[in-house]
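In terms of my numbering, the sequence shown opens at residue 151 and continues consecutively.
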Amino acid sequence: MTILVTGAAGFIGFHLSKRLLAHDYHVIGVDNLNEYYDVLLKKERLNILKKNAHFEFYKIDLANRESLNSIFEDKSINIVINLAAQAGVRYSLINPHSYVHSNLFGFINILEACRHYQVEHLIYASSSSVYGANSKIPFSTKDSVDHPVSIYAATKKSNELMAHTYSHLFNLPTTGLRFFTVYGPWGRPDMAYYSFTKDIIDGNTIKVFNNGDMSRDFTFIDDIVEGIIRLLDYPPKYNSNWDRGNPDPSSSYAPYKIYNIGNNTPVKLMEFIHLLEKLIGKKAKVEFLPMQPGDVKETFADITNLQKDVGFYPSTTLEIGLGHFVDWYKDYHLKGK
Numbered sequence: 151m152t153i154l155v156t157g158a159a160g161f162i163g164f165h166l167s168k169r170l171l172a173h174d175y176h177v178i179g180v181d182n183l184n185e186y187y188d189v190l191l192k193k194e195r196l197n198i199l200k201k202n203a204h205f206e207f208y209k210i211d212l213a214n215r216e217s218l219n220s221i222f223e224d225k226s227i228n229i230v231i232n233l234a235a236q237a238g239v240r241y242s243l244i245n246p247h248s249y250v251h252s253n254l255f256g257f258i259n260i261l262e263a264c265r266h267y268q269v270e271h272l273i274y275a276s277s278s279s280v281y282g283a284n285s286k287i288p289f290s291t292k293d294s295v296d297h298p299v300s301i302y303a304a305t306k307k308s309n310e311l312m313a314h315t316y317s318h319l320f321n322l323p324t325t326g327l328r329f330f331t332v333y334g335p336w337g338r339p340d341m342a343y344y345s346f347t348k349d350i351i352d353g354n355t356i357k358v359f360n361n362g363d364m365s366r367d368f369t370f371i372d373d374i375v376e377g378i379i380r381l382l383d384y385p386p387k388y389n390s391n392w393d394r395g396n397p398d399p400s401s402s403y404a405p406y407k408i409y410n411i412g413n414n415t416p417v418k419l420m421e422f423i424h425l426l427e428k429l430i431g432k433k434a435k436v437e438f439l440p441m442q443p444g445d446v447k448e449t450f451a452d453i454t455n456l457q458k459d460v461g462f463y464p465s466t467t468l469e470i471g472l473g474h475f476v477d478w479y480k481d482y483h484l485k486g487k
């Protein structure tokens, strides 16, 4: 079986590709290697993947329809896992056009390719950010997500709507995954856990927003990958019990499904920082600041549907997962210094 992974040089794409290769899938990786964060980190992830003979890589931008279609033309692709996106809530306030380019133009090209080349299952990355102004906790896929608070979140909500349209019009099975604060080795330097680690080690002050009164459903990368792997062979089917009078947003009469994928255990930000201090062995210098535009106070994933459908149960505690990250960070950044 051949699986196309977009964003293969990214954090989640790298770990997922490694796991797929270990399961003897043939993996075609696509990435544009943009400069949103350190390109060297992306290239080093790729170098690891390229050691496996069953991995092929194409450096293309998903917004380039001709280049993308040429891959589908040349290869027989069974499943597409779309992880390529312009990420980051705060950056979407600075450069919104990059989100439209990658997350909307790029995604419509993925949908069109899946449609025309008879892909069996499209799995794509959504985000917990779509819950926006919602305050009902935990966040459930049965809840409305019509009040995003960032451009990034709006593009991810748009992806879910676009996917449903293709599921309806062209019978394309699509599964959207709302990721909750993914962390771990080889992670994204723009994420708080990564920048906090760097600043604590370097003796710099960390900026803590909303005066520390925030919590996140931190999810270790291995658990995220396990959830995706479990979904590969379960493309959505028509739900004959779907009620048009009381519609469930996470399901449909079309072959369409939305899942939360998180740890189901939110942690207060200050508890997270204290744990990081313990693992690093150094006290943080903290500057408390007000809430930033686009941020939300709390995230908490209701993962009931994913548990019921594929038996997904995250197994990595924050202390163990953060420990793995800190060990990797020291080995990658500090070895030989």
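Using N, Cα and C, we set each Cβ at its ideal position, and we do this for glycine too.
Could you check whether the region 393–411 touches the region 452–472, counting it as contact only if at least three pairs of C-beta atoms, one from each stretch, sit closer than 8 Å?
yes
Straight-line CA distance for I198 to L171?
The sequence position of residue 198 within the sequence shown is 48, counting from 1. The sequence position of residue 171 within the sequence shown is 21, counting from 1. Cα-Cα distance, rounded: 11 Å.
Which residue wins for smallest C-alpha separation from F111, given the options P288, V460, I227?
Residue 111 is absent from the structure shown; the chain starts at 151 and stops at 487.
Residues of its chain near K435, where Cβ-Cβ distance is below 6 Å and the 5 sequence neighbours each way are ignored
Looking up residue 435 in the sequence shown gives position 285. Result list for K435: T355, in chain order.
Consult DSSP for N413 and reduce its assignment to one of helix, strand or coil.
Here residue 413 is taken as the residue at index 263 of the sequence shown, counted from 1. Of the three classes helix, strand and coil, the one that applies to N413 here is coil, per DSSP.
Would you mind reading off the limits of the alpha helix (DSSP H) that contains S400?
Within the sequence shown, the letter at position 250 stands for residue 400. Careful: S400 lies outside any alpha helix (DSSP H) and carries neither H nor E.
When you compare only the Cα positions, how much space is there between L196 and P397?
Within the sequence shown, residue 196 is the residue found at index 46, counting from 1. Within the sequence shown, residue 397 is the residue found at index 247, counting from 1. Each residue's Cα considered, the two are about 42 Å apart.
Taking one C-beta from the region 360–375 and one from the region 460–475 each time, how about it: are there three or more such pairs within less than 8 Å?
yes
Over what stretch of residues does the beta strand (DSSP E) that includes F205 continue unbroken?
One-based indexing of the sequence shown puts residue 205 at position 55. Per DSSP, F205 belongs to the beta strand (DSSP E) from 205–209.
For L199, the three-state DSSP class (helix, strand or coil)
In the sequence shown, residue 199 corresponds to position 49, counting from 1. Correct three-state label for L199: helix.
What is the residue span of the beta strand (DSSP E) that N232 lies within?
The residue you call residue 232 lines up with position 82 of the sequence shown. From DSSP, the beta strand (DSSP E) with N232 extends over 229–232.
Rounded Cβ spacing between V228 and E270 (contact assumed at less than 8 Å):
Reading the sequence shown from its first residue, position 78 is the one you call residue 228. Reading the sequence shown from its first residue, position 120 is the one you call residue 270. According to the sequence shown, residue 228 is Asn rather than Val. With 8 Å as the limit, N228 and E270 qualify as a contact, their Cβ atoms being about 5 Å apart.
Considering Cα atoms alone, identify which of E421, R240, A235 is closest to I212.
Along the sequence shown, read from residue 1 onward, the residue named residue 212 stands at position 62. This sequence places Leu at residue 212; Ile is not what is there. That would be A235, whose Cα lies nearest to the Cα of L212.
R265 (DSSP reduced to helix, strand or coil):
The residue you call residue 265 lines up with position 115 of the sequence shown. In this structure, R265 counts as helix in the three-state DSSP scheme.
Measure the alpha-carbon distance for A159 versus G395 and round it to whole angstroms.
Here residue 159 is taken as the residue at index 9 of the sequence shown, counted from 1. Here residue 395 is taken as the residue at index 245 of the sequence shown, counted from 1. Near 43 Å, if we compare the C-alpha coordinates of G395 and A159.
Option nearest F164 by Cα separation, candidates D224, K433, K200, Y187
The sequence position of residue 164 within the sequence shown is 14, counting from 1. It is K200.
Should V91 be labelled buried (16 or more other beta-carbon atoms within 10 Å of its own) or exposed?
In the structure as shown, the chain begins at 151 and stops at 487. Residue 91 is therefore absent and cannot be evaluated.
With 16 other CB atoms within 10 Å as the buried threshold, where does L322 fall?
Stepping through the sequence shown from its first residue, residue 322 is reached at position 172. The residue in question, L322, is buried, as its Cβ has 16 or more Cβ neighbours within 10 Å.
Taking C-beta to C-beta, are L381 and I273 nearer than 8 Å?
Residue numbering aside, residue 381 sits at position 231 when the sequence shown is read from its first letter. Residue numbering aside, residue 273 sits at position 123 when the sequence shown is read from its first letter. Their beta carbons are under 8 Å apart, which means L381 touches I273 by this criterion.
Touch test, the region 216–224 against the region 260–268, Cβ-Cβ under 8 Å, three pairs minimum:
yes
Entirely within the region 288–313 and at least 4 residues each: give me those alpha helix (DSSP H) ranges in chain order.
none
Can you grab the Cα-Cα spacing for the pair I379 / R169, in whole Å?
The residue given as residue 379 occupies position 229 in the sequence shown. The residue given as residue 169 occupies position 19 in the sequence shown. Using only the alpha carbons, I get a separation of about 8 Å.
The region 341–354 contacting the region 382–389, beta-carbon criterion three pairs below 8 Å:
no
Status (buried if at least 16 other CB within 10 Å, exposed otherwise) for Y343
Taking the sequence shown and counting its residues from 1, one reaches residue 343 at position 193. Buried, because 16 or more other Cβ atoms sit within 10 Å of the Cβ of Y343.
Buried or exposed: L303, going by 16 or more other Cβ atoms within 10 Å of its Cβ?
In the sequence shown, counting from the first residue as 1, residue 303 sits at position 153. A small correction: the amino acid at residue 303 is Ala; Leu does not occupy that position in the sequence shown. By the 10 Å Cβ count, A303 comes out buried.
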